[in-house]
Structures are given as structure tokens and as C-alpha cells.
Amino acid sequence: MTRSDLASLRGEPSYVWRAGQERRLRMMAKWAPLAGAHVLVAGCGVGMYAAKIRQRFTNRVEAFDIEFSRARAARAGIPNALVSAGEDIPYAAASFDVVLSHEVIEHVRDDRRCLQEMLRVSKSGGRILLFCPNRWYPFETHGHYWRGEYHFGNTPLINYLPEPWREKLAPHVRAYTAADLKRLLAMPGASILHHSRIYGGYDNIIARFGGPAVLLRDALYRLEGSPLDTWALSHFVVIEKR
54 MTRSDLASLR
64 GEPSYVWRAG
74 QERRLRMMAK
84 WAPLAGAHVL
94 VAGCGVGMYA
104 AKIRQRFTNR
114 VEAFDIEFSR
124 ARAARAGIPN
134 ALVSAGEDIP
144 YAAASFDVVL
154 SHEVIEHVRD
164 DRRCLQEMLR
174 VSKSGGRILL
184 FCPNRWYPFE
194 THGHYWRGEY
204 HFGNTPLINY
214 LPEPWREKLA
224 PHVRAYTAAD
234 LKRLLAMPGA
244 SILHHSRIYG
254 GYDNIIARFG
264 GPAVLLRDAL
274 YRLEGSPLDT
284 WALSHFVVIE
294 KR
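For reference, each letter of the sequence shown is one residue, going 54 to 295 in the working numbering.
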């Protein structure tokens, strides 16, 4: 498993398009009218989701990322991708029908400010599609620090530790409980239309182990919507601007 030099700060974006990304795109299309919409991808990484939305649904796609190297890579699919922080989105108020934040807010300096900015640039009735890490997933997928050294990869059980202990091992990334998100989104103008917990695509595991891994993934998908999705990988929240 390889990593970029930015992994400890920003995580790793999607570099290839596989079944896991395809499934999440279908979720987005179910909960937001993407066809012909004006869409903003906030924290676009190298632009995988932005480019697919532009190819399939609408040519009115804007995107930005805080890292110049990633925004530059995203311009292969979104020529006007910008460099910006999520706390100061460089677009006018009420500009977008849909705003996508895919596994980004856990990395930003001020997650509440980022969500306020996403609301600001959304039109009335517009939708924000938010994916972020679930605190009760058994692994911290963003690596950890030990004695000042960063270790990349999945680390078991860190997220189950009390917050002061977790903060020492994973100071670079947040993970959210459902209650955390409810508190975070308790802000004027934000109405939660949908909240679910979803399991991952496990594409790397499937590539390695084949059929048995596919059966395991499909079994986990069937747990979504039940109490057993408590241990799913991510939250998926749909917010409407009132």
C-alpha cells in the first residue's frame, strides 16, 4: 500500500474509478437532482468524482482543493478547478444546486465553518451531499502517529479510545458519531433529509481475494439500515438549505 506525501495531512483521494466509487455516485444521484445542475465539489482531490459528474450529468461543475498539486491534477477533468480552503469558498452566495463534500471535513481546520460556507454557496432548496468517517468503524483508515512518527494504513481500535487518547494517536483527522454530526449540523438553514451509515467498497481486498471478498462485501451491504451498520465505514448525510 503506497501513499502520497500529503497522506498525513489530507488523506488519500480516489485515484481510480471502481465499484466502491460507482456505488457512492449512485447514492448521490438518488438524493440530488444532478442532471443539468450547477454542482460544486468541495475538496475535490484529483477530481475523480467531479469529472464523473461532469461526464454523466452536467457540464456545470466547479471544484476546488486546498492543495495546488491536487487541484492541478483535477483540471484534467475540470479545467477551472481552483485552489482554496473550505473555510473560505471562493464563490458567490446561492450559486449551486448541489455541493459535494466527500471524505473532506475530517481533515479541515474548522469543520463547522466549512459547512457554513457550503450552506452559504447553496441555493435555497439546494442539497449538500456529505460523506465522512464513522467513529465506530473498527479501523482508523488515515494512519496514526506513534512517538512523533506517522504510520500510514489502517490501525485497529484507535477510534474506540477516549478522545484525549485518540487525539494523541490521530491528531490529524476526525471521526464522527451520529450525535457528533447532529450537533455539527445544528445551524440555521440546515435541514437533514437523510442520514445513513455505509460500508466501504473494499475494492483492494476484492482485487486480492476475489469471489469470497465479494460475498463478504455484499453481506455487509445488507446490514446497512439495521443496527449492525453501527460499525460501517462512513456516514452519508443529505442536507437541504432551507
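Don't be surprised by glycine CBs; every beta carbon is placed ideally from N, CA and C.
Local Cβ density within 10 Å of residue i, reported as buried at 16 or more and exposed below that
{"i": "F289", "result": "buried"}
{"i": "M81", "result": "buried"}
{"i": "M54", "result": "Annotation note: pLDDT 42 at M54 (below 50); position unreliable, coordinate value reported separately. Exposed."}
{"i": "N212", "result": "buried"}
{"i": "F262", "result": "exposed"}
{"i": "P66", "result": "buried"}
{"i": "H154", "result": "Checking the sequence shown, residue 154 turns out to be Ser, not His. Looking at its Cβ environment, which holds 16 or more other Cβ atoms inside 10 Å, S154 is buried."}
{"i": "Y68", "result": "exposed"}
{"i": "A72", "result": "exposed"}
{"i": "A85", "result": "buried"}
Terminal residues of the beta strand (DSSP E) in which residue i lies
{"i": "A95", "result": "92 to 95"}
{"i": "G179", "result": "175 to 186"}
{"i": "R261", "result": "Here R261 belongs to no beta strand (DSSP E); instead the alpha helix (DSSP H) covers 256 to 262."}
{"i": "D150", "result": "149 to 155"}
{"i": "R250", "result": "243 to 251"}
{"i": "Y10", "result": "Within the shown structure, residues of the chain are numbered from 54 to 295, placing residue 10 beyond reach of any answer."}
{"i": "Y198", "result": "197 to 199"}
Proximity of residue i and residue j at Cβ, strictly below 9 Å
{"i": "V92", "j": "E115", "result": "yes"}
{"i": "C97", "j": "E140", "result": "no"}
{"i": "F121", "j": "L87", "result": "no"}
{"i": "A127", "j": "A90", "result": "no"}
{"i": "A145", "j": "A134", "result": "no"}
{"i": "A138", "j": "I119", "result": "yes"}
{"i": "L183", "j": "V291", "result": "yes"}
{"i": "S177", "j": "V152", "result": "no"}
{"i": "I131", "j": "A95", "result": "no"}
{"i": "G64", "j": "E156", "result": "yes"}
{"i": "H195", "j": "V226", "result": "yes"}
Neighbourhood of residue i by C-beta distance below 7 Å, restricted to the same chain and skipping five residues each side
{"i": "P191", "result": "P209, L210, W284"}
For residue i: DSSP bridge partner residues
{"i": "V136", "result": "D118"}
{"i": "S287", "result": "P186, I251"}
{"i": "I158", "result": "Looking at the DSSP assignment, I158 forms no beta bridge with any residue, so it has no partner."}
{"i": "E293", "result": "R180, S244"}
{"i": "P209", "result": "F192"}
{"i": "Y229", "result": "N187"}
Close Cβ partners of residue i (< 6 Å) along its chain, the five nearest in sequence each way excluded
{"i": "A60", "result": "F205"}
{"i": "I158", "result": "D164, C167, C185"}
{"i": "M240", "result": "none"}
{"i": "D58", "result": "none"}
{"i": "E293", "result": "R180, S244, L246"}
{"i": "R236", "result": "none"}
{"i": "A272", "result": "none"}
Residues near residue i by beta carbon distance below 8 Å, same chain, minus five either side
{"i": "P224", "result": "Y198"}
{"i": "L281", "result": "none"}
{"i": "A267", "result": "Looking at the sequence shown, residue 267 is not Ala but Val. For V267, where only same-chain residues beyond five positions count, the Cβ hits under 8 Å are I259."}
{"i": "Y229", "result": "E159, C185, P186, N187, R188, L237, H288"}
Alpha helix (DSSP H) segment containing residue i, residue limits
{"i": "W84", "result": "72 to 84"}
{"i": "R63", "result": "60 to 63"}
{"i": "E216", "result": "216 to 222"}
{"i": "Y102", "result": "101 to 109"}
Contact test: residue i Cβ vs the ligand ZN heavy atom, cutoff 8 Å
{"i": "D58", "result": "Among the components modelled here there is no ligand, and therefore nothing to report on the ligand ZN."}
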